[in-house]
Amino acid sequence: MSYDAAVIGGGVIGLSCAYRLARNGKKVVVLERGTIREGASWASGGMIRPVTEFEGNRAFFDLCCESARMYPGFVKEVERDSGIAVEYDATGSILVASNKDEEFQLLEKYQFAKSNGIAARILSEGEARRKEPELNMPLRIALYMPSDNQVNNRLLLKALKAAAERNGAAIIEHCHVTSILSSGGRHELVAKQGSFACEHLIHCEGAWAAEHAGAAVKPIRGQMIRFSIKGIAIKHIISHHPIYLIPRKDATLVAGSTVEDVGFDARVTETAMQHLYEQAIALIPALAECTVVERWAGLRPLSATGIPYIGTIREHEHLAAGHYRNGILLAPITAKIIAEAVITGKQHPSFSPMHLEQVMA
Ligand SMILES: Cc1cc2nc3c(=O)[nH]c(=O)nc-3n(C[C@H](O)[C@H](O)[C@H](O)COP(=O)(O)OP(=O)(O)OC[C@H]3O[C@@H](n4cnc5c(N)ncnc54)[C@H](O)[C@@H]3O)c2cc1C
Numbered sequence: 238m239s240y241d242a243a244v245i246g247g248g249v250i251g252l253s254c255a256y257r258l259a260r261n262g263k264k265v266v267v268l269e270r271g272t273i274r275e276g277a278s279w280a281s282g283g284m285i286r287p288v289t290e291f292e293g294n295r296a297f298f299d300l301c302c303e304s305a306r307m308y309p310g311f312v313k314e315v316e317r318d319s320g321i322a323v324e325y326d327a328t329g330s331i332l333v334a335s336n337k338d339e340e341f342q343l344l345e346k347y348q349f350a351k352s353n354g355i356a357a358r359i360l361s362e363g364e365a366r367r368k369e370p371e372l373n374m375p376l377r378i379a380l381y382m383p384s385d386n387q388v389n390n391r392l393l394l395k396a397l398k399a400a401a402e403r404n405g406a407a408i409i410e411h412c413h414v415t416s417i418l419s420s421g422g423r424h425e426l427v428a429k430q431g432s433f434a435c436e437h438l439i440h441c442e443g444a445w446a447a448e449h450a451g452a453a454v455k456p457i458r459g460q461m462i463r464f465s466i467k468g469i470a471i472k473h474i475i476s477h478h479p480i481y482l483i484p485r486k487d488a489t490l491v492a493g494s495t496v497e498d499v500g501f502d503a504r505v506t507e508t509a510m511q512h513l514y515e516q517a518i519a520l521i522p523a524l525a526e527c528t529v530v531e532r533w534a535g536l537r538p539l540s541a542t543g544i545p546y547i548g549t550i551r552e553h554e555h556l557a558a559g560h561y562r563n564g565i566l567l568a569p570i571t572a573k574i575i576a577e578a579v580i581t582g583k584q585h586p587s588f589s590p591m592h593l594e595q596v597m598a
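Quick note on our numbering: the sequence shown kicks off at 238 and runs consecutively.
Here's what the structure looks like:
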């Protein structure tokens, strides 16, 4: 079989790119060595928080904001094409500070949000408790970010797969690409199932992007636990750096996460689980009465520059990897940039040849 585009990797980035290309009439195949549950995207928290995650790179922040603005339209399209609701929700965040340093950092974030026209409000301890009565930790101030959103990342993956398939894309799971033969601007991807010829090759292998694309991307483990919180009302995402609590619509709450440089080891550890559990209870004591219903870990793809590379790397060969802590947030803009690169050959101005050199180093 020959395709206009073949995508390696069935995480949120690969599926979003495939969906966007299929919507544009391209004949697309996604090759995923496990299932769509395999990678970081399934393990994720699904938060869409450009300011909260901001770490200093202005161009990257602008890209995150653009993607966050695209989210409502992206979700509407994916839900319509798949028939699956993805629980995109304006949850809002409450970030808390319990000491002077944390207070200073929150005030800086507040100023940054305001200077960028993003809604933010400083709350006293009493105001924070009125918004979130179960929050019961001594705090100096809190920062309320009403425009922080979340999406149920697992439903989003299912919906993207269904939406891409309904637009004609083939999603082949349990299909490990073991080698790639490229010549004259065409590619042949080899897997146990056979070989797949394509005009455009799109690397979306997440933390595994070094193997075939040659990108300097490495895995950073994040561990998570889920509580069943029936009968306890928690309305907002609550963060006390580096811990966050995300209330879901199914009466569960996800608590995360660790940041560990331990190679391709996606196991959970008792030490991290205990730490997350204790930190979650320090924020919301009522969680001590709740049952832990799931524990898991995922590997975030971290590039050499700390930000992703999204664009063409060789003739008819494209890379969308290194999304680190923001792959769910960046899915809509990534898919748009890759679709433009495939269809028109246009490169996004955020991704210069110098950036490419650093990411491929
Ligand atoms: C604990 C945790 C919490 C997070 N929270 C958030 C959050 O709140 N908000 C946010 O925006 N982001 C968050 N992230 C980050 C986000 O999940 C990632 O940036 C994103 O999922 C990366 O998507 P991806 O498609 O590039 O990679 P992945 O989802 O890892 O997908 C890559 C896929 O490629 C496949 N693959 C690799 N090599 C091959 C091959 N040779 N052949 C076939 N298939 C192959 C893998 O099996 C895998 O399924 C979080 C991540 C973690 C781990």
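Idealized CB from N, CA, C, for every residue including glycine. Owing to the predicted nature of the structure, the values given are computational and were not obtained by experimental measurement.
Any non-hydrogen atom of ligand 1 within 7 Å of residue i CB
i	result
Pro-383	no
Ala-444	yes
Arg-463	no
Gly-248	yes
Leu-222	The requested residue 222 is not part of the displayed model; the chain covers only 238 to 598.
Ile-477	It is worth fixing the name first, because residue 477 is His in this sequence and not Ile. His-477 Cβ: outside cutoff for every heavy atom of ligand 1.
Cys-441	yes
Ile-245	yes
Gly-451	no
Ser-278	yes
Gly-468	no
Ala-517	no
Met-284	yes
Arg-537	yes
His-413	yes
Asn-389	no
Asn-563	yes
Glu-224	Nothing about residue 224 can be read from this structure; the chain reaches only from 238 to 598.
Gly-459	yes
Ser-281	yes
Glu-324	no
Ala-525	no
Ser-494	yes
Gly-251	yes
Ala-407	no
His-560	yes
Glu-531	no
Glu-275	yes
Leu-392	no
Leu-438	no
Glu-448	yes
Leu-300	no
Leu-490	no
Leu-520	no
Beta carbon of residue i nearer than 8 Å to that of residue j
i	j	result
Ser-335	Gly-564	no
Ile-471	His-449	no
Arg-463	Val-496	no
Ser-494	Ala-399	no
Pro-538	Ala-446	yes
Glu-436	His-553	yes
Ala-568	Val-249	yes
Ile-408	Lys-368	no
Ala-578	Ser-253	no
Leu-300	Ile-570	yes
Cys-441	Gln-430	no
Val-288	Ile-355	yes
Ser-602	Thr-506	A query on residue 602 cannot be resolved here, the shown segment of the chain reaching from 238 to 598 and no further.
Ala-259	Gly-443	no
Ala-488	Lys-467	yes
Leu-536	Phe-501	yes
Ile-475	Asn-261	no
Leu-520	His-477	yes
Ala-523	Glu-371	yes
Ala-255	Ala-401	yes
Closer than 7 Å: residue i CB and nearest ligand 2 heavy atom
i	result
Ser-540	Judged by which ligands are present, ligand 2 is missing from the structure shown, whose ligands are ligand 1.
Short CB-CB distance (under 8 Å) between residue i and chain B
i	result
Tyr-381	Checking the listed chains, one finds no chain B in this structure; it contains a single protein chain.
### Query
Could you give the uninterrupted runs of the beta strand (DSSP E) lying entirely in the segment 399-456, keeping only those of 3 residues or more?
407-409, 414-420, 423-428 and 431-440
### Query
Is there contact between the segment 546-553 and the segment 572-586, where contact requires at least three CB pairs shorter than 8 Å?
yes
### Task
Pick out the complete beta strand (DSSP E) segments inside the segment 544-590, 3 residues or longer, and give them in chain order.
546-551 and 554-558
### Query
Can you give, in chain order, each stretch of the alpha helix (DSSP H) that sits fully within the segment 326-372 and has at least 4 residues?
337-352 and 362-368
### Query
Is the number of C-beta pairs between the segment 377-394 and the segment 311-327 that are closer than 8 Å three or more?
Short answer: they touch.
### Message
Could you tell me which whole alpha helix (DSSP H) segments of length 4 or greater appear in the segment 239-299?
### Response
The segment 239-299 contains these whole alpha helix (DSSP H) runs: 249-260 and 277-280.
### Task
Report yes or no: do three or more beta-carbon pairs, one from the segment 373-387 and one from the segment 282-289, lie closer than 8 Å?
yes
### Query
At what residue ranges does the segment 473-528 contain a whole run of the alpha helix (DSSP H), taking only runs of 4 or more?
507-520
### Task
Check whether the segment 504-517 touches the segment 356-374, counting contact only when three or more Cβ pairs, one atom from each stretch, lie closer than 8 Å.
no
#### Entry: 4-residue-minimum alpha helix (DSSP H) runs that sit fully inside the segment 374-398, ordered along the chain
none
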